[in-house]
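S.K.: Take a look at this one; I'll ask things after.
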Amino acid sequence: MMRYLLLVIGLALLTACSDVTKNTGQRIDFVGSTRLTSSNRVTSTPGDTLASRIYASANPDDPSQILTRLRITVTYMPRRDPFLYPTPVSSLNRDLIDKNPDAGLIYLDTLLTANPKSLLFTSVFGMRTTTGSERWQYDLLGPDTTVQASRAFRVSMRRTDSLNTYHDYTLKLVSPANRPGTRRFLQLNAGLVLPAYSVLSTNT
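Residue numbers (my numbering): 3 to 206.
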């Protein structure tokens, strides 16, 4: 009975909001816990620091199945940068915004040089500082860049002062900033703090 309960609990920890996994012999899941983001959520804290953890695996019975590449992309909606609301707000042209979507940002794109059969990866990222949402997608890519497995979640930020004519935010940075993966590049206009691998395409 105890083994059955442990199995159920273990499976419950692997959760996801969006699953577009194909029948490729590879899979990717979010690891769920109280301090990790593994499904859609709403926050009211501009620039909040969030974290997610994925577990990826390839078919252990197929020697040709290995993990070769991980890519994380984020799409900001309606836009990454803030924009000035018109007066009155009812004159806001949503069609103009919706028909000119913000280009997605490649947060991480890395080759898995060890070609592992499984991977446990934790990503720490900063939430947007303006009202809107962002969709985080995690893809396992094959040698020919085809998507082998994919998971995604959406995080929404709702500011109570979203009609203000100025854009203010507070960001907390980690010190020292020379640790691998530390967010140390600031994009002032959007209010985002990014790690080096998002800006310089490096591993640090």
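We put the CB at the ideal spot given by N, CA and C, even for glycine.
Look up Tyr199 in the DSSP assignment and say whether it is helix, strand or coil.
M.R.: helix
S.K.: Are the CB atoms of Val76 and Arg121 within a distance shorter than 8 angstroms?
M.R.: Per the sequence shown, residue 121 should be read as Leu rather than Arg. Taking 8 angstroms as the Cβ cut-off, Leu121 and Val76 do not qualify as a contacting pair.
S.K.: Smallest Cα separation from Ile56: which of Phe187, Ser135, Tyr140, Glu136?
M.R.: Tyr140
S.K.: Around the Cβ of Thr148, are there at least 16 other Cβ atoms within 10 angstroms (buried) or fewer (exposed)?
M.R.: exposed
S.K.: At which residues does the beta strand (DSSP E) containing Arg29 begin and terminate?
M.R.: 28-33
S.K.: So is Leu7 buried or exposed if we call it buried at 16+ other beta carbons inside 10 Å?
M.R.: Low per-residue confidence applies at Leu7: pLDDT is 40, beneath 50, and the placement is therefore not dependable, though the value from the model is reported in the following sentence. Classification of Leu7: exposed, given that the 10 Å Cβ count is below 16.
S.K.: From the DSSP secondary-structure annotation, give me the bridge partner or partners of Ile74.
M.R.: DSSP lists Leu110, Tyr140 as the beta-bridge partner residues of Ile74.
S.K.: Quick check on DSSP: helix, strand or coil for Leu194?
M.R.: strand
S.K.: Grab the span of the beta strand (DSSP E) containing Arg55 for me, first residue to last.
M.R.: 51-60
S.K.: Taking DSSP's pairing of strands, which residues face Met159 in a bridge?
M.R.: In DSSP, Met159 forms a bridge with Thr45, Gly134.
S.K.: For Ala151, which residues from the same chain have a beta carbon less than 6 angstroms from its beta carbon, with the 5 sequence-adjacent residues on both sides left out?
M.R.: Thr23, Gln28, Arg29, Ile30, Leu142
S.K.: Using the Cα positions of Leu110 and Pro90, report the straight-line distance between them to the nearest angstrom.
M.R.: Cα-Cα distance, rounded: 40 angstroms.
S.K.: Answer yes or no: do Asn123 and Leu72 have a C-beta to C-beta separation smaller than 8 angstroms?
M.R.: The identity of residue 123 in the sequence shown is Phe, whereas the question assumes Asn. Contact flag set, yes.
S.K.: Just tell me which of Pro197, Pro62, Thr172, Thr133 has its CA closest to the CA of Ser46.
M.R.: Thr133
S.K.: Can you give me the start and stop residues for the alpha helix (DSSP H) that Leu122 sits inside?
M.R.: First-last for Leu122: 120-128, but that is the beta strand (DSSP E), not the alpha helix (DSSP H).
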